[in-house]
Amino acid sequence: MARKPTYQAALDEYFAEFEKAVAKALVSGAEIAAAAGDALAQSRLVGGIRWDQVNRAALALVTQYAKDVARGGSLCTVRRDDGTTAQEFVPWLRDYTETARNALVDLVEEHIASGQGVGALADTLEPVFDSMKGHAETVARTEMSRIRNDAAFGRYLKSGVDRVEYLVGPEPCEICEPFAGTIFAVNDAPWLPQHPRCVCGFAPVIDVPPDEET
Numbered sequence: 775m776a777r778k779p780t781y782q783a784a785l786d787e788y789f790a791e792f793e794k795a796v797a798k799a800l801v802s803g804a805e806i807a808a809a810a811g812d813a814l815a816q817s818r819l820v821g822g823i824r825w826d827q828v829n830r831a832a833l834a835l836v837t838q839y840a841k842d843v844a845r846g847g848s849l850c851t852v853r854r855d856d857g858t859t860a861q862e863f864v865p866w867l868r869d870y871t872e873t874a875r876n877a878l879v880d881l882v883e884e885h886i887a888s889g890q891g892v893g894a895l896a897d898t899l900e901p902v903f904d905s906m907k908g909h910a911e912t913v914a915r916t917e918m919s920r921i922r923n924d925a926a927f928g929r930y931l932k933s934g935v936d937r938v939e940y941l942v943g944p945e946p947c948e949i950c951e952p953f954a955g956t957i958f959a960v961n962d963a964p965w966l967p968q969h970p971r972c973v974c975g976f977a978p979v980i981d982v983p984p985d986e987e988t
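Position 100 of the sequence shown, counting from 1, maps to 874 under the numbering used here, and the rest follow consecutively.
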């Protein structure tokens, strides 16, 4: 078997560590996001926040999330042809790591073939690493949004909520704005986030008995 060039071996090692670091950071953030989502949901329900319930629910959600990330991905919102959304496991972390690694190998090989110096290689690679940093930030924000929403929605279901109201952020995008204020049966509500960096959420619709109305 032909031996890999030194730069390829170095990139393999770098991206293996990169994937581990991203996975570790995501799982760590997921613990906070899950607890925050559950606590927010409970604050919108009658009875106040039960932190023992928050901790148990967050632990269960994060345990599964850690297993998914270890497989190189997580559950992601996908849009179907009919406009509805669903959640499917997507190996995005593994796929992105492999794509980025191959792109860098190609750049290094092109640089070697051109005969340019080390300084030129550094200039070529800098925007690639900047792009990776930006992508990682987008992934983190999107994943934490999903986990907060999953935790909140799970609490609504456990509390017997049968309808939810779609909440948008201060500057809703063209995807989410049409949903603002829409009331959904829990089984018909779209999965969130609907797109990268989505900040939308759901609030429970609670019917107040007539004798309790003021």
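Don't be surprised by glycine CBs; every beta carbon is placed ideally from N, CA and C. Note that this is a predicted model, so its numbers are computed, not measured.
- Per DSSP, Gly975 is one residue of the beta strand (DSSP E) stretching across Gly975 to Pro978.
- Apart from sequence neighbours up to five positions away, the residues of its chain that approach Arg971 with a beta-carbon distance below 8 Å are Thr912, Arg915, Thr916 and Ser919, ordered along the chain.
- Between the region 825–844 and the region 799–813 there are three or more C-beta pairs closer than 8 Å, enough to call the two in contact.
- In this structure, DSSP gives Leu814 a helical state, which the three-state scheme calls helix.
- A residue is called buried when at least 16 other Cβ atoms come within 10 angstroms of its Cβ; Thr871 meets this threshold and is buried.
- Per DSSP, Leu941 is not a residue of any alpha helix (DSSP H); the beta strand (DSSP E) it occupies stretches across Arg937 to Leu941.
- Cβ-Cβ distances below 6 Å link Ala797 to Val843 in the same chain, with the five nearest sequence neighbours on each side left out; the list follows chain order.
- Non-local C-beta neighbours of Cys850 in its own chain, meaning closer than 6 Å and more than five positions away in sequence, comprise Val864, ordered along the chain.
- As the crow flies, the alpha-carbon of Val892 is around 57 Å from that of Val938.
- Taking all protein chains shown into account, Trp965 has 16 or more neighbouring C-beta atoms within 10 Å of its C-beta and is therefore buried.
- The count of Cβ pairs closer than 8 Å, one atom from the region 812–831 and one from the region 937–957, stays below three, leaving the stretches out of contact.
- Ile949 sits in coil when the DSSP states are folded into three classes, being neither helix nor strand.
- Residue state for Leu895 is assigned as helix, using DSSP reduced to three classes.
- With fewer than 16 other Cβ atoms inside 10 Å of its own Cβ, Phe903 counts as exposed.
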